[in-house]
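Asks: One structure coming up, written as structure tokens, with questions to follow.
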Amino acid sequence: MLDVYQPSPAAGSDRINIVAIWEVNYWATRWGITPEQLFLAVAEVGDNVREVQAYLARTQREAMQALSGRC
Numbered sequence: 021m022l023d024v025y026q027p028s029p030a031a032g033s034d035r036i037n038i039v040a041i042w043e044v045n046y047w048a049t050r051w052g053i054t055p056e057q058l059f060l061a062v063a064e065v066g067d068n069v070r071e072v073q074a075y076l077a078r079t080q081r082e083a084m085q086a087l088s089g090r091c
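Okay, so the sequence shown: first residue is 21 according to our numbering, each after it adds one.
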């Protein structure tokens with residue numbers, strides 16, 4: 021299998037560039053979500069990496085609570 025070079029965001033970068041498809045793919049893969057879910061998260065909270073990560077964690081917790089009937 022060939023390893024394909026996939027760039028990653030610059031060290032210290034705290035923003036997600038949703039215009040760069042390679043960066044969208046990087047963050048979506050890193051967080052185990054689809055690019056569409058990433059676009060929705062950025063639309064909801066902006067492009068700050070920490071805020072997007074917190075939003076994804078919060079929505080995942082809410083979904084798990086809804087599934088378990090503790091909502």
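For glycine and all other residues, C-beta sits at the position ideal for the given N, C-alpha and C.
Can you name the residues that DSSP bridges to N37?
Replies: Looking at the DSSP assignment, N37 forms no beta bridge with any residue, so it has no partner.
Asks: Quick check: the stretch 73 to 81 against the stretch 44 to 63, are at least 3 beta-carbon pairs closer than 8 Å?
Replies: Result yes; three or more Cβ-Cβ pairs closer than 8 Å.
Asks: State the start and end residues of the unbroken alpha helix (DSSP H) segment that holds S88.
Replies: Element bounds for S88: 69 to 88.
Asks: Would you tell me roughly how many angstroms separate the C-alpha atoms of I36 and A86, rounded to the nearest one?
Replies: Distance between the alpha carbons of I36 and A86: 29 Å.
Asks: Compare the beta carbon distance of V44 and P29 with 8 Å and say whether it is the shorter of the two.
Replies: Against a cut-off of 8 Å, the Cβ pair of P29 and V44 comes out as no contact.
Asks: What is the residue span of the alpha helix (DSSP H) that P55 lies within?
Replies: Element bounds for P55: 55 to 65.
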